[in-house]
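Numbering (this note's numbering), first residue to last: 1 to 573. Worksheet: the structure to be examined is printed underneath.
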Amino acid sequence: MGLLNSMVIWFYQVIQFFITQAFAPNPRGPQRKLSGPRIAIIGAGITGVSSAAHCVGHGFDVTLFEAKGREHLGGIWSQVNNTSSLQIHSVMYRFHPSVRFKRSYPDRQGIVREVTHLWERYVLQSRTKFNIRVESVWRDKESGKWYVQDRSYGHFDGVISAIGTCGEPKMPHIPGQDKFKGPIYHSSNLTGKDVKGKQLLVVGGGASAIEAVEFAVSQQAAKTSILARTNKWIIPRNPITDALLAANIFGEETSLGWVPEWLLKRFFYRDLSDLAPAKAGLYTETPMVNNDILEQVRSGQIAWLRGDIKEFKEKGILFNHREKGIPKGGPGREELLEGDICVMATGFQRPTLAFLPQECFNPPYSPPNWFLQTFPPGHSDLCAINCTYVNAIGTVGNIHIGLYTRLLLMFIADPRTRPSPAWMRAWVDWTRSWKQGAPGGALEFFTYSELVWWIVLSLASNPFRWKWIIFVLGGWGNPLSPRMLHQEGSIRQSSITADGAAEKPESSNRKSHKAKNKTETDGIASDLHKGQNGIGDAGHELNSEQINENKDKQASAPSKSGVYSEAVPTFVA
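Written as structure tokens, this is what we have:
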């Protein structure tokens, strides 16, 4: 068995090596000054560091803003217990192509180590501002540039919010809490605590409770009781199972939703089907992933209790047991549960996006009801990754970080690829209509396959995005290359001069057209590499107002240069 495990780990390392070689953008050394468009990234967790690495690898300059100190690099993973580990296989948590995990289920130290390595490899040390709590991100109306806090950090061409969904530990106050004689800890603050031979009362039945149980078992606690108000789905810690469940591209309960639920009850829960949710479907909220918890319940090492906490007592908690199907606060059987230590597995406060412009929150298009769930309507140069969703079956650390980041870079580098505000709102409306009645919410809940499908369809919906498909999906190509800039300059120039050129003999205008086209292309290249008045500017010569003015004049067929004109009505996305 040991030999087999060694072979599997070796094979996994080989796979990760080839992924790194194929998809990881080359780091820019400290001697290479980045002169492309500037991106502000809020948050230095796995999403922020990964997004920054993608930007730098493709020639864009970045500034990372982290509210806390250097010791908090890695976000929530810098705060949890040393015994905390991934609940899903690390192949589904490779948050950047260059990440190379040494274990299938790495612990906190292993994950923070990979974040730090990524941060250093892409030379982000000098580009990170620690102890800066961002309170305002705003756009200058004249230049169209973004600013963080004030003008002291300079202007930015784009913004990525990567603040995550886990902020400060949530510690609710329960009646009688002061009466309890034992210590009370949050589930993220258990490292170094002595629980050997003691009875633990764990308040909460989500992922934080699983974290507390892992700690209690590793530290040889006598018994651990989980006090949960509701039952949540628990799925096996198996990459194949997890991938199959995430493969539902509809992102909601379907007529076949009973199949995985029946299989879980039959082969995973077995005699403990009473712990499965009574009515909630699998595709309504984020499930817990663990192989051991049900076996620990069977052995008596763990007690999973469903009900309501009435109050703390000196020796424990007065608890109201409820039968399956009885709602919260319903009738039940009261019992005093004695314990030596209480662990609050009550999760974390959700960080606020209030630092973004107020128009990002105008109903009905407030998060998560944004374009592709991450772009506020009207702001294609602002992207909120991994911080708008509520529930999901998937992973926060995988290829979608790169996909969303490269979408943002595409929108900044190529104005014709940007979705109009009307289209962004229409996408939200269509998605909500398509998923109308979904128990988990249209955009509040999603599956990983659904997310990838959104991005693929978005790329296919606009012909000006087609040349970017390889870049967005695979990270191949240089969005700031002279060839790409020349193509963009040709497209922009042909659109501007199409009407005038059609009225004059081609021979008499050939030289002037070439000269003007070269000037236009050189201007774009200069703007991009200087970071001044680039093609991301709201005030650039081919802005949305001029496009609207020319709509009636331009033909919807390809222009003489063989490219689509800006006014193609079918592809307004």
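Every residue, glycine too, gets a C-beta built ideally from N, C-alpha and C.
In its own chain, which residues sit with a C-beta less than 6 Å from the C-beta of residue i, not counting the 5 before and 5 after it?
| i | result |
| --- | --- |
| leucine 294 | Leu272 |
| alanine 413 | Pro479 |
| threonine 20 | Pro97 and Ser98 |
| isoleucine 210 | Met288 and Asn290 |
| phenylalanine 445 | Asn391 |
| glutamate 338 | Lys315 and Gly316 |
Cα-Cα, which of the options is closest to residue i?
| i | options | result |
| --- | --- | --- |
| glutamate 359 | Lys198, Trp304, Tyr448 and Leu382 | Leu382 |
| arginine 425 | Tyr365, Gly402 and Trp454 | Tyr365 |
| valine 343 | Asp194, Tyr12 and Ala246 | Asp194 |
| glutamate 311 | Leu305, Val297, Glu335 and Asn291 | Glu335 |
| glycine 204 | Leu263, Pro172, Trp453 and Gly192 | Pro172 |
| threonine 128 | Asn81, Val49, Lys196 and Ala438 | Val49 |
| arginine 201 | Val213, Thr191, Gly192 and Ala207 | The sequence shown places leucine at residue 201, rather than the arginine named in the question. Checking every option, the nearest Cα to that of leucine 201 belongs to Val213. |
| tyrosine 12 | Gly402, Gly281 and Arg94 | Arg94 |
| tryptophan 430 | His89, Gln373 and Leu356 | Gln373 |
| leucine 408 | Trp10, Leu4, Leu3 and Arg38 | Arg38 |
| leucine 473 | Ala422, Arg432 and Thr405 | Thr405 |
| tryptophan 146 | Gly167, Thr63 and Val91 | Thr63 |
| alanine 438 | Ile174, Asn291, Ala280 and Ile9 | Ala280 |
| glutamate 153 | Ser85, Asp61, Ala22 and His186 | Per the sequence shown, residue 153 should be read as tyrosine rather than glutamate. Of the candidates Ser85, Asp61, Ala22 and His186, the one whose C-alpha sits nearest the C-alpha of tyrosine 153 is Asp61. |
| asparagine 369 | Gln349, Gly316, Trp427 and Ser51 | Trp427 |
| alanine 222 | Gly197, Ser299 and Gly206 | Gly197 |
| alanine 442 | Ala53, Ala207 and Thr284 | Thr284 |
| leucine 118 | Pro106, Leu3, Phe101 and Val390 | Phe101 |
| glutamine 219 | Thr191, Thr346, Gly475 and Asn238 | Thr191 |
| valine 112 | Pro463, Arg432 and Gly397 | Gly397 |
| arginine 333 | Asp308, Ile399, Gly325 and Ser85 | Asp308 |
| phenylalanine 180 | Ile163, Gly329 and Ile341 | Ile341 |
With DSSP as the reference, label residue i as helix, strand or coil.
| i | result |
| --- | --- |
| leucine 587 | Outside the shown range of the chain, which is 1 to 573, sits residue 587, and nothing can be said about it. |
| phenylalanine 17 | helix |
| histidine 54 | helix |
| leucine 451 | helix |
| valine 390 | coil |
| threonine 224 | strand |
| tyrosine 185 | strand |
| aspartate 150 | strand |
| proline 463 | helix |
| aspartate 340 | coil |
| phenylalanine 361 | helix |
| glycine 402 | helix |
| glutamate 311 | strand |
| histidine 321 | strand |
| glycine 75 | helix |
| glycine 474 | helix |
| glycine 197 | coil |
Residues in the same chain with beta-carbon distance under 7 Å from residue i, minus the five sequence neighbours each way, listed in chain order, please.
| i | result |
| --- | --- |
| arginine 133 | Ala67 |
| alanine 216 | Val195, Leu200 and Thr224 |
| alanine 246 | Ile393, Gly394, Thr447, Tyr448 and Ser449 |
| serine 188 | Gln79, Val80, Asn81 and Pro169 |
| isoleucine 302 | Val213, Thr224, Ile226, Ile293 and Gln296 |
| glutamine 380 | According to the sequence provided, residue 380 is serine. The question's glutamine does not apply to it. Correct list, in chain order: Phe411, Arg418 and Pro419. |
| glutamate 549 | Note on glutamate 549: pLDDT 37, under 50, position unreliable in the model; no value is reported. |
| phenylalanine 361 | none |
From which residue to which residue does the alpha helix (DSSP H) around residue i run?
| i | result |
| --- | --- |
| phenylalanine 215 | 207-218 |
| serine 433 | 421-434 |
| threonine 63 | Here threonine 63 belongs to no alpha helix (DSSP H); instead the beta strand (DSSP E) covers 61-65. |
| alanine 243 | 239-245 |
| serine 109 | Residue identity differs from the one stated: residue 109 is glutamine in this sequence, not serine. Residues 108-121. |
| isoleucine 293 | 293-299 |
What's the call for residue i, buried or exposed, on a 16-neighbour Cβ count within 10 Å?
| i | result |
| --- | --- |
| asparagine 26 | exposed |
| isoleucine 160 | buried |
| arginine 322 | buried |
| serine 6 | exposed |
| phenylalanine 471 | buried |
| glutamine 349 | exposed |
| leucine 457 | exposed |
| proline 367 | buried |
| leucine 375 | Per the sequence presented here, residue 375 reads as phenylalanine, with leucine not at that position. So phenylalanine 375 counts as buried. |
| valine 259 | exposed |
| aspartate 150 | exposed |
| aspartate 140 | exposed |
| glutamine 87 | buried |
| tryptophan 466 | exposed |
| serine 84 | buried |
| alanine 557 | Because alanine 557 sits at a pLDDT of 36, beneath the cut-off of 50, its placement in the model cannot be relied upon, and the following sentence gives the value as read from the coordinates. Alanine 557 should be labelled exposed. |
Can you name, in chain order, every residue of its own chain whose Cβ lies under 8 Å from the Cβ of residue i, other than the five neighbours on each side?
| i | result |
| --- | --- |
| glutamine 177 | Ile184 and Phe312 |
| asparagine 131 | Glu66, Ala67, Lys68 and Gly69 |
Output the boundary residues of the beta strand (DSSP E) element that contains residue i.
| i | result |
| --- | --- |
| serine 161 | 158-161 |
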